[in-house]
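Following this note's numbering, the numbering of the sequence shown begins with 1 at its first residue and continues without gaps.
Yeah, the Cβ is synthetic: ideal placement off N, Cα and C, and Gly gets one too.
Being a predicted model, the structure only gives us computed values, none of them experimental.
Before any comments, here is the structure.
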Amino acid sequence: MRVFGRFLGWFLLALAFIALGRDLVAVAAGETFRLAPLGEVWFKLHSASLNMLQAGVERRIAPEVWDSVIAPVLQWPTVAVFAVPGLLLVLLCRDWQGQKRRFR
């Protein structure tokens, strides 16, 4: 299970670096620096899936879940949404005794 957690953590960190790279490329193109919100990036990548998620949550779960939980998360910077859980997974799933085993 730790291997999967570490893999998922590194994958999320890679996505965070890709998102940061996208933001830095925009700066190189002449725009002002800003960390793009997750909802904006998702909408540009595949707006239909974002709309389907909203409709599904509002119809099958509760509109309050969309308004009070998911919509605020979509306003967070994409880098933070991927980097924070990625870093936590990498650290929590780390092999703490692996440093004692050294190959000679």
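Practice item. To the nearest angstrom, report how far apart H46 and G9 are at their CA atoms. Key: Cα-Cα distance, rounded: 23 Å.
Exercise for review: Please state if the CB of V79 and the CB of L20 are separated by a distance shorter than 8 Å.
Suggested key: With contacts defined by Cβ atoms closer than 8 Å, L20 and V79 form a contacting pair.
Point to revise | Cα-Cα separation, P85 to G56 | key: Going by the C-alpha atoms only, they are around 25 Å apart.
Exercise for review: Please list, in chain order, all residues of the same chain as A48 whose beta carbon is under 8 Å from its beta carbon, the five residues on each side excluded.
Suggested key: Around A48, the same chain offers no residue with a beta carbon nearer than 8 Å, after the five sequence neighbours per side are excluded.
Point to revise | Pair within 8 Å by beta-carbon distance, V73 and V81 | key: Yes.
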